[in-house]
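Here's the structure we're looking at; comments come further down.
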Amino acid sequence: PLFQETIRDAGLNKYLFEMANIRDQNTWVHMNEPDLATKKAKDLVRMAVAKAALVEPLHQVSLDIKKSILIVGGGVAGMEAALTAANHGVDVHLVEKTGTLGGIAKNLNATWKGEKVQDYLEDLIGRAKASESIQLYLDTEVKKTTGSMGNFVTTIAKNGDNKHIPIEHGAAILCTGGMEYKPNEFLYAEDPNVLTHLDMDAALREEDERLDKASAIVFIQCVGSRNDENPFCSKVCCTHSLKSALALKKKDRRKRVYVVYRDIRSYGFREDLYKEARELGVLFIRYDLEKMPKLRKDTNGDLELTVIDHVLQMEVKINPDLVVLASGIVPGDNKDLFEKFKVPTNSEGFLVEAHAKLRPVDFASDGLFVAGLAHYPKPLEESIAQARAAVARAMTIVSRDSLMVGGVVADVTPEKCAVCLTCVRTCPYDIPYIHADGYAQIDASECHGCGACVAECPGKAIKLNHFTDQQILAKTDALFEEA
């Protein structure tokens with residue numbers, strides 16, 4: 013970019029440029045072989061000159077940027093993102109497919125630090141509804157989205173309503189959330205005394221009389237996680253169980269509370285919860301996947317849990333009054349939505365960022381971002397941090413007035429196109445499409461210039477500007493010429 017800007021300042025088209033990088037690609041890597049390095053330098057210069065003779069000026073066009081952000085999902089991540097953007101003076105369109113805001117957080121009692129989630133959520137919802145910069149669409153779903161970074165048009169509609177509303181926006185953040193795994197094991201839904209994490213939170217919140225009557229409570233970890241069906245760790249279950257176990261113990265020290273686990277993953281300062289639970293008398297029994305705990309009803313109809321203690325190598329039987337299953341987090345049912353935005357998911361169904369370290373909230377397609385449980389299971393504070401990070405990235409787009417597009421992009425020759433769909437299948441960004449006139453078309457404003465479609469096209473109907481076949485062949489011919 014530095015050399016191209018220098019060329020532009022001199023009054024030339026910035027694409028009339030070719031670089032022979034004899035420092036990075038030659039001098040530094042062959043510093044101990046001066047003779048061979050000199051020969052290679054001559055080759056690199058000769059190749060650059062050969063291509064420079066064929067380069068042509070390329071032109072970019074300026075597109076105005078729509079100064080608003082679309083946020084899909086009205087959970088904690090979605091509302092935090094909306095309020096963060098609104099505080100920066102950006103108009104926000106917040107779309108939630110259900111009739112209420114809050115997402116899965118509506119079922120939580122407290123964070124691992126003891127902060128009241130419902131109080132926080134009530135305040136968050138109130139601020140989101142009161143903000144003049146946030147246009148809220150409840151009970152609404154995305155029907156279609158088109159366009160590219162800075163110039164998206166997304167069509168939404170109320171559930172059950174045929175009236176479609178187009179929204180113009182410069183960026184979009186997907187915060188569609190996740191949901192609790194509903195177990196089909198350990199007698200769940202068969203016995204009323206078998207609960208999930210969220211059921212236990214509700215029981216604690218409502219002061220369910222079953223908690224007072226229960227003298228023995230067992231928590232079973234990794235239900236619906238770290239198995240063949242869902243091989244990932246849900247990250248929050250161990251801490252959630254520790255918090256619930258502590259709440260029960262503090263309410264009545266006489267209660268016998270057991271945690272049957274594979275691994276306790278209370279990372280960071282959450283380790284203090286584990287230590288406190290041990291000090292209060294919570295018993296921890298480890299199991300492995302080959303010897304899963306078994307829960308059944310005995311002849312009297314009472315629950316009986318059998319687990320192999322890995323230290324004693326003996327069978328331990330417990331007769332719990334309540335069993336709490338640490339059910340994991342699974343992706344929400346949003347496959348159709350993700351296909352509309354052309355964003356990728358992993359084998360488990362969670363959204364995949366462009367790069368875990370370099371672009372942790374970006375998608376490969378520019379202008380689209382991710383936050384919250386839609387990306388991966390995570391605690392509340394991490395969802396909030398990710399939502400704010402996604403807004404920070406979106407602001408780099410909507411804070412600008414215009415966007416330059418074009419230049420080094422793929423270009424289709426219609427007469428050569430056989431409509432074989434190879435480019436459609438190959439493009440990692442899902443940019444090519446078949447035009448109504450019967451040939452492939454690539455939108456210059458969306459193309460990333462990666463050249464994948466150019467390499468794969470069997471009919472040579474696509475060229476990559478600034479890297480045409482003629483230019484590349486000229487470089488290879490120059491390489492093998494006599495110096």
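Position in the sequence shown (first residue = 1) + 12 = the working numbering.
We put the beta carbon where it would ideally sit given N, CA and C, even for glycine.
All values derive from a computational prediction rather than experimental measurement.
Task: Spatial distance of Met-416 from Ala-397 (CA atoms) - done: 30 Å
Open item on the list: Just to confirm my understanding: we take Asn-25, look at its own chain, exclude 5 residues before and 5 after, and list those with CB closer than 8 Å. What are they?
Closed with: Ile-19, Pro-69, Leu-70, His-71
Task: contact_flag[the segment 397-410, the segment 180-189] where n(CB pairs < 8 Å) is 3 or more - done: yes
- [ ] Buried or exposed for Thr-112, please, with buried defined as at least 16 other CB atoms from any protein chain shown within 10 angstroms of its CB.
- [x] exposed
Task: Reduced DSSP category for Phe-244 - H, G, I as helix; E, B as strand; rest coil - done: coil
TODO: Quick one: residues in its chain with C-beta nearer than 7 Å to the C-beta of Gly-87, no 5 flanking neighbours on either side, listed in chain order?
DONE: Gly-114, Gly-115, Ile-116, Ala-117, Cys-187, Gly-189, Gly-384
Task: Span separating the alpha-carbon of Leu-66 from that of Asp-489 - done: 13 Å
Open item on the list: Let's see if you can read the secondary structure: which residues bound the alpha helix (DSSP H) around Leu-292?
Closed with: Unbroken run through Leu-292: none, as it is neither H nor E.
Open item on the list: Using 8 Å for Cβ pairs, my map puts Phe-198 next to Leu-337. What's the rounded Cβ distance?
Closed with: 6 Å
Open item on the list: Excluding the 5 residues flanking Val-373 on each side, which residues of the same chain have their C-beta closer than 7 Å to its C-beta?
Closed with: Glu-365, Phe-381, Val-382, Ala-383, Gln-398, Ala-401, Ala-402, Arg-405
Open item on the list: Which complete alpha helix (DSSP H) runs does the segment 116-166 hold, if anything under 4 residues is left out?
Closed with: 129-142
- [ ] Determine, using beta-carbon pairs with one atom in the segment 280-287 and one in the segment 302-315, whether at least three such pairs fall under 8 Å.
- [x] no
TODO: Under 8 Å by Cβ, that's how I've got Glu-30 and Ala-64 pegged, so tell me the actual separation to the nearest angstrom.
DONE: 4 Å
Task: Ordered list of alpha helix (DSSP H) runs contained in the segment 222-274, each at least 4 residues - done: 249-263
- [ ] Give, in chain order, every unbroken run of the alpha helix (DSSP H) that is at least 4 residues long and sits entirely within the segment 438-491.
- [x] 464-468, 481-491
Task: Whole-angstrom distance between His-176 and Gly-419, CA atom to CA atom - done: 35 Å
Task: Inter-residue Cα distance where the pair is Lys-52 and Lys-487 - done: 14 Å
Open item on the list: Please report the straight-line C-alpha distance between Arg-217 and Ala-228, rounded to a whole angstrom.
Closed with: 19 Å
Task: Neighbourhood of Arg-139 by C-beta, 7 Å cutoff - its chain only, sequence neighbours within 5 removed - done: Leu-95
Task: Ala-399: first and last residue of the uninterrupted alpha helix (DSSP H) it sits in - done: 392-410
Open item on the list: I need the boundaries of the alpha helix (DSSP H) containing His-71, first residue and last residue.
Closed with: Careful: His-71 lies outside any alpha helix (DSSP H) and carries neither H nor E.
TODO: Give the straight-line distance between the Cα atoms of Val-107 and Pro-440, rounded to the nearest whole angstrom.
DONE: 27 Å
- [ ] State buried or exposed for Gln-482, treating a residue as buried only when at least 16 other CB atoms are found within 10 Å of its CB.
- [x] exposed
Open item on the list: Helix, strand or coil for Pro-332? Go by DSSP, reduced to three states.
Closed with: coil
Open item on the list: With the cut-off set at 9 Å, would you say Asn-163 and Leu-75 are in Cβ contact?
Closed with: yes
- [ ] Output yes or no for whether 9 Å exceeds the beta carbon distance between Pro-332 and Tyr-270.
- [x] yes
TODO: Could you tell me the distance, in whole angstroms, from the CA atom of Glu-219 to the CA atom of His-252?
DONE: 18 Å
TODO: Can you give me the start and stop residues for the alpha helix (DSSP H) that Leu-501 sits inside?
DONE: Only positions 13 to 495 of the chain appear in this structure, which leaves residue 501 out of reach.
- [ ] For Leu-433, count neighbouring C-beta atoms within 10 Å of its own C-beta (all shown protein chains included) and say buried if the count is 16 or more, exposed if not.
- [x] exposed
TODO: Quick one: measure Cβ to Cβ for Ala-93 and Ser-143, integer angstroms, because I've assumed they're closer than 8 Å.
DONE: Going by Cβ atoms, the distance from Ala-93 to Ser-143 rounds to 12 Å, so no, they are not a contact pair.
Open item on the list: Let me make sure I understand the geometry here. Which of Gly-313, Pro-426, Asp-321 has the alpha-carbon closest to that of Asp-300?
Closed with: Asp-321
Task: Spatial distance of Gly-159 from Glu-458 (CA atoms) - done: 8 Å
- [ ] Measure from the alpha carbon of Leu-148 to the alpha carbon of each residue in Leu-120, Ile-81, Ala-62, then state which is nearest.
- [x] Ile-81
Task: Enclosing alpha helix (DSSP H) for Met-59 [first to last residue] - done: 46-64
TODO: Give every residue of the same chain whose Cβ lies closer than 8 Å to the Cβ of Phe-15, excluding the five residues on either side of it in the sequence, and list them in chain order.
DONE: Phe-29, Met-31
- [ ] Note down, in chain order, each residue of its chain lying with its Cβ closer than 8 Å to the Cβ of His-209, except the 5 sequence neighbours on either side.
- [x] Glu-192, Cys-249, His-252, Ser-253, Ser-256, Val-336, Leu-337, Ala-338, Ser-339
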